[in-house]
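Student: Protein chains in written order, with numbering that gives the first Met the number 0: chain A, 0 to 282; chain B, 0 to 295; chain C, 0 to 310. For each residue, glycine too, the CB sits at the ideal point set by N, CA and C.
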Amino acid sequence: MVEDRPLTSILTHFVLILGVIAIALPIWITFVAATHDELRMNQVPLPLWPGTHLLDNLTQTLFGAGLSGSQGAPVWLMLLNSLAMAMMISFGKIAISLLSAFAIVYFRFPFRMTCFWMIFITLMLPVEVRILPTFEVVANLGMLNSYWGLSIPLIASATATFMFRQVFLTVPDEMLESARIDGAGPMRFFFDILLPLSRTNIAALFVILFIFGWTQSFWPLLITTDTSMTTIVMSIKQMLEAAEQSPQWNIIMTTALLARIPPIFVVISMQKLFVQGLTETDK
Amino acid sequence: MPFNSSTPVMWYNKTALDAAGASVSKTWDDVKVTAQKLVDNGMDCGVSFGWQSWVMVENFSAWHNMEMGTKENGFAGFYTEFSFNNEAVAARLDGIAAMTEGNLFKYGGRRGDSLPMFTSGECGMWMNSSAYYGSIKTQSEVEFGQTMLPLDTTVADAPQNSIIGGATLWVLGGHDDAEYKGTAQFLTYLSSPEVQAWWHQETGYVPITTAAYELSKAQGFYESNPGTDTAIQQLSLNKPTPNSRGLRFGNFVQVRDVINEELEAVWAGDKNATDALNAAAERGNTLLRKFERAAK
Amino acid sequence: MVSFYTRHSLHAALMGHHMLKRVHFPSSPLPYMLVAPQLAITLVFFIWPASQAMYQSLLIEDAFGLGSEFVWFENFEVLWQDQHYLDAFLRTAVFSVLVAALSMGTALILAGFAQRVVKGAMFYRTLLIWPYAVAPVLAGALWVFMFNPTLGIFPYFLEFVGVDWNHYLNGNQAMALVIMAAAWKQVAYNFLFYLAAMQSIPNSVIEAAAIDGAGPGRRFVTIILPLISPTTFFLLVINMVYAFFETFGIIHAVTQGGPGSATTILVYKVFNDGFVGLDLGGSAAQSVILMVLVVAMTVVQFRYVERKVEY
C-alpha cells in the first residue's frame, strides 16, 4: 500500500473481520441448531452455543428417515442424487458446448449462423419463464423421476458455448495447419490439440457448473415425486413445509449443513479455478 | 377414499389457563375474556390460529350454519357466488382485529406457521386442525387440551357442525387387474379398524370408520387422553345442513390465497373486515367465472 | 446470465467479426453431428416450451387441460387491468433495486478495505466468497429460521430494542427479510468482481494521488470509484437479473409471497398462478412478459458492452 498508518490498518482489519462475522453468522447459527434436540429447538430463546446432539442428529439425518413421521429418503441417498444431478449437468454442459463451439469455429457449413442464433436465444429463456411448458415436455417424454429429467433440460448453455468459442479463437492457426500436414482429421485435432489446450477453462467451468447444478431446487421439486429421487437441496423446502407440525429445526439444519458442505468445499479448495470460472462465464 | 381428514379445534394451554384463573372458553366472548386474563398474567399473547381461511371463514360459517357461497356452497352446480362477505363474518373478524390491541390476538402466518407460538408457551389458545395433536405432543412441554371451536352468540344460539379438511386417496384408471387387486388390498388394510385407530391416536386425524372410533373408545384412548374426540364430536354434532356439508368451488386453492391476502390486510390494520371480505368475494367470484369458462 | 468476458466475445461474434477461423475444415456432415446435441436440447427444452408458453398465453384452459378457449390477448388485458399484477411489477422493481444496492454496497465496502490489505487479502477473500455456493432455498431456510417471530434469535434480541418482529403479519418486515437473504447470498459474487477491478488499477495512479496528499478515503471516492464504474454498471445488471429471476427459491422458502402479497414478485406470481392456482393462460401470459423483460435486459447488457468497447 502507499502509506502504512497503524490506525487505518487496524480499522481495515476491524471492518473486514466484522464483514466476515456478518457473512458467517447464519452458518454458525445453523451449526448450533444441528447440535440440539427437537424439544430444545422449540424453546425460546434458541441456543447460540452448540449442544450435545450433533451425532444423534447426523445419524438420524443421514441414515434414518430424516424428519420423524415422514417417509423421506435418507439423506445419504439425497446426497448421491444431488451429486449425480450436479455431475450430469456439469459434464453435459461442457460436452455439448465443446462440440458445438468446435463446429462453429472450425467449419463452414450451411445454416451455421442459424445454429449460432438458436444457441444464443437460450440466453433469453431462463428456466423460470418457461417453467410450465418445459415441465409438460419432460412429462410427455416420460422423464419425470429420472436423472435425465433432472439434468438434460438444464444443460443447454449459450455461455459455455461462447466461452469455448473464444478459447478456440485464440488457438493459433498454425496448430491446425501443422495438424493437417500430419494428416490429422477433425476429431483427432479436437481430442489431441483443442481439448488439452482448454483444460484449465474446462476445470474452471466445471467448478461453476457444479455449484449451479447442486443448488437447483425448483426444478427437482417439480420433476421428482418419487422420494428416492429427492435431491438434498429440494428436501429442505419440503421439510420447511412439514405438514401439521412445526419445522423440526434440528433435523432441517443438520440437513442444510450437509447440503452446503460439498459446494463450499469445491469453492474453497478450488478457489483459483472458481474465480477464473466466475469471471469467464457464470452459468 | 378420504384419508387424512381433520377439522379445526381449539387448543389451550392448561397450565397457563389455571395460572391466570381462566376457564376453557366456549364462546367468542369467553375467548376475549380469557385472552385478557392470560395477557394480564404475563403471557405474550392470548389467542392465535392457522389456516385462517379454513378455520375463520369456512368453518366459522359452517359452525354457525351460514352459507359461504350460493347454490349450497357449490354442491348444487356451477355459477355460484361467494357470500361469505356478510355482516356476521365481518363483525367477528373486526372483533378479532380489535383484539390485536394489547396482543390479545397475535397473527402468526398462514398454515401451521403459528404453531410455535402455542408450543413455546407464547400464546395460551390456538385454533387449528386436530391433526396437530401428534406434533404438539412431541414438540412441546406445554400441558395442553383441546376443546370445540368457540361459538359466536351474536350469530347463533348453538353450533351446527364443523367441516372436514384434508385429502383423499384416488385410484386412477388404466392399470391392470393385478395392480387393482393389490390397491384394493392396500386400501382395505388402511381402513381396517386397527390401522385407522393407530393413525387417529398418533396424529389427531379423524378415523374414517366408525369401527376405528369404537376401537379407540374400547382401548380407553379418549378416557386417558381427554379431549381427543373433540374433532369427531364437532363433525357429528348435528345432521349437516347444506351450509355445513362441505364446500365445492372451482379454483378454490387460489380463492383461499385471496382470502389469506385480504385477511392479512385486516390483521395488519390496513383494511376493515367488510372491505376485505368484499374484495375477497369479488376476486373469488372472478376466479369462479374463469373456472366455469374453462371447465364448461 | 452472461458474464463480462463472454459478452465481449459475444458482441464481437454478433457484429460478425472473426466468426470463423481463417483456416478451417472442409464442409461435411460432421459439423451437423457436432452441433446436434446442443441444438436438439435447445429445440426441445427451450424453443418449443417458449413457443408453447406464447400459444398458451392466448388460451383460457381448465386445470386438467380438458377444455380450452382461444381468447387472443384477453389474458394480457386482464393482467394489464389487474391492480395486483401491476403492484407486483412495482414491487419487483423495488425489491431488485434494494437487493442490488444492499449487496453491492456491502461488497464495495468490503472490497475497498480488502484491497488495502496486502498480507491476508486472500485469507479474507476465502472467508467471504463461500455464500455463493449456498443454494437460494438454503439461504432462505437460514434466514427464516433466524427470524422466526417466536423462536428466532434476531426477533429475540430485537425485542430488547423495542422492535416487535413478525414477518408473517408485517409486509415491510417480510420484504426486508427476503431482501437481506437475497443480498447476503450475492455479496460474495459482487465482492470478487469489485476486488478484481480494484486490484487491476495501476499502483502508479494511486501513488500519484497519495503524493498530492489525498488520504485513503479521498482516493477511494475520487479515484477508485470512478475507475471501477464499468464494473459497477455490469454488476448492477447482473444483480437485477439475479433479483428478478434467481431469488425464486428464497421467496418460496421464506414468505411464499405473503403476508398479503407483500413479497409476491413477478417470477413468484408466475409460479403461484400456474402451479398452485392452475390458471395456465394467465401464468403463460406472465411468462411471456418476463421473456420480453429478459430480452430487454440482454439488450441493455449489449449496449453497455458496445460503449465499453469504444471506451
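1) Can you give me the C-alpha to C-alpha distance between alanine 87 of chain B and serine 60 of chain B, rounded to a whole angstrom?
2) Does the distance from the C-beta atom of valine 240 of chain C to that of methionine 123 of chain A stay below 7 Å?
3) Decide if aspartate 278 of chain C is buried, meaning its Cβ has at least 16 other Cβ atoms within 10 Å, or exposed.
4) List the residues that DSSP assigns as beta-bridge partners of tyrosine 11 of chain B.
5) Around the Cβ of asparagine 202 of chain C, are there at least 16 other Cβ atoms within 10 angstroms (buried) or fewer (exposed)?
6) Pick helix, strand or coil for isoleucine 9 of chain A, following the three-state DSSP scheme.
7) Under 6 Å: does the beta carbon of threonine 105 of chain C sit that close to some heavy atom of the ligand ZN?
8) Kindly indicate which three-state DSSP category alanine 35 of chain C falls into: helix, strand or coil?
9) So is proline 206 of chain B in contact with chain A if we call contact Cβ pairs under 7 Å?
10) So, helix, strand or coil for leucine 277 of chain A, using DSSP?
11) Compute the Euclidean distance between the alpha carbons of methionine 103 of chain C and glycine 50 of chain A, then round it to the nearest angstrom.
12) List the residues of chain A that leucine 150 of chain C touches, going by C-beta distances under 9 Å, in chain order.
13) State the start and end residues of the unbroken alpha helix (DSSP H) segment that holds alanine 166 of chain B.
14) Kindly list, in the order they appear in chain A, the residues whose Cβ is closer than 7 Å to that of alanine 242 of chain C.
15) Are the CB atoms of proline 109 of chain A and threonine 133 of chain A nearer to each other than 7 Å?
16) If we ignore side chains and look at the alpha-carbon of each, how far apart do phenylalanine 273 of chain A and isoleucine 180 of chain A end up?
17) From the DSSP output, read off the bridge partner residues of leucine 150 of chain B.
18) Using a threshold of 7 Å, state whether the C-beta atoms of threonine 60 of chain A and threonine 226 of chain A are closer than that.
19) Measuring alpha carbon to alpha carbon, tell me which of C:Met179, C:Tyr267, C:Asn147 ends up nearest phenylalanine 88 of chain C.
20) Per the DSSP calculation, glutamate 303 of chain B is bridged to which residue(s)?
21) Measure the alpha-carbon distance for glutamine 82 of chain C versus proline 239 of chain B and round it to whole angstroms.
22) Helix, strand or coil: how does DSSP classify proline 316 of chain C here?
23) Relative to the alpha-carbon of glutamine 37 of chain C, which residue among A:Thr229, A:Phe161, A:Leu17 has its alpha-carbon at the smallest distance?
24) Buried or exposed: where does glycine 226 of chain B fall if 16 or more other Cβ atoms within 10 Å of its Cβ makes it buried?
25) For the putative contact between methionine 84 of chain A and serine 145 of chain A, defined by C-beta atoms under 8 Å, what is the C-beta separation to the nearest angstrom?
26) For phenylalanine 143 of chain B versus tryptophan 10 of chain B, is the C-beta distance shorter than 7 Å?
27) Could you tell me which residues DSSP puts in a beta bridge with leucine 58 of chain C?
28) Which same chain residues, not among the five before or five after valine 104 of chain A, have their C-beta less than 7 Å away from its C-beta?
29) Which of the three DSSP states is assigned to proline 185 of chain A in this structure?
30) Can you tell me where the alpha helix (DSSP H) holding phenylalanine 185 of chain B begins and where it ends?
31) Quick check: what's the CA-CA separation for glycine 273 of chain C versus proline 219 of chain A?
32) Give me the Cβ distance between valine 46 of chain B and alanine 34 of chain B, rounded to the nearest whole Å; I'm assuming they're in contact under 8 Å.
33) Enumerate in chain order the residues of its own chain whose CB-to-CB distance from alanine 267 of chain B is below 7 Å, with the five nearest sequence positions on each side excluded.
34) Which word fits lysine 118 of chain C, buried or exposed, when buried means at least 16 other C-beta atoms lie within 10 angstroms of its C-beta?
35) Out of B:Ala21, B:Ser5, B:Cys44, state which residue places its alpha-carbon closest to the alpha-carbon of tryptophan 50 of chain B.
36) Check whether the Cβ atoms of alanine 132 of chain C and serine 216 of chain A sit closer than 7 Å, and answer yes or no.
Tutor: Looking at the atomic coordinates:
1) Roughly 9 Å separates the two Cα atoms.
2) The Cβ-Cβ distance between valine 240 of chain C and methionine 123 of chain A does not fall below 7 Å.
3) Looking at its Cβ environment, which holds 16 or more other Cβ atoms inside 10 Å, aspartate 278 of chain C is buried.
4) In DSSP, tyrosine 11 of chain B forms a bridge with B:Met124, B:Gly144.
5) Answer is exposed; the Cβ neighbour count stays below 16.
6) Helix, per DSSP.
7) Among the ligands in the structure shown, none appear at all, so the ligand ZN cannot be discussed.
8) In the structure shown, the three-state DSSP call for alanine 35 of chain C is helix.
9) So, not an interface residue.
10) Correct three-state label for leucine 277 of chain A: helix.
11) Taking the straight line joining both Cα atoms gives about 36 Å.
12) Result: Met40, Asn41, Gln42, Val43, Pro44, Leu45, Ser245, Trp248.
13) For alanine 166 of chain B, there is no enclosing alpha helix (DSSP H); the residue is found in the beta strand (DSSP E) stretching over 164 to 167.
14) Around alanine 242 of chain C, no beta-carbon contact reaches into chain A at under 7 Å, the shortest distance being about 12 Å.
15) Contact: no.
16) Phenylalanine 273 of chain A and isoleucine 180 of chain A: Cα-Cα distance of roughly 38 Å.
17) Looking at the DSSP assignment, leucine 150 of chain B forms a beta bridge with B:Thr26.
18) No.
19) The shortest C-alpha separation from phenylalanine 88 of chain C is found at C:Tyr267.
20) Residue 303 of chain B falls outside the range modelled here, since chain B spans only 0 to 295, and no answer is possible.
21) Our two residues, glutamine 82 of chain C and proline 239 of chain B, have alpha carbons roughly 39 Å apart in a direct line.
22) Since the first and last residues shown for chain C are 0 and 310, residue 316 of chain C lies out of range.
23) Of the candidates A:Thr229, A:Phe161, A:Leu17, the one whose C-alpha sits nearest the C-alpha of glutamine 37 of chain C is A:Phe161.
24) Residue burial annotation: glycine 226 of chain B is buried, with at least 16 other C-beta atoms found within 10 angstroms of its C-beta.
25) Wrong, their Cβ atoms sit about 11 Å apart, outside the cutoff.
26) With a cutoff of 7 Å on beta-carbon distance, phenylalanine 143 of chain B and tryptophan 10 of chain B are scored as near each other.
27) Its beta-bridge partners are C:Phe69.
28) A distance below 7 Å between beta-carbons, with the five flanking residues on each side excluded, links valine 104 of chain A to the following residues of its chain, in chain order: Arg164, Phe167, Leu168.
29) Here proline 185 of chain A sits in helix by DSSP.
30) Note, phenylalanine 185 of chain B: alpha helix (DSSP H), 176 to 189.
31) Each residue's alpha carbon lies about 17 Å from the other.
32) Approximately 5 Å separates the beta-carbon atoms of valine 46 of chain B and alanine 34 of chain B; this is inside 8 Å, confirming the contact.
33) Same-chain partners within the cutoff: there are none.
34) Result: exposed.
35) Comparing Cα positions, the closest option is B:Ser5.
36) Not in contact: alanine 132 of chain C and serine 216 of chain A (Cβ atoms no closer than 7 Å).
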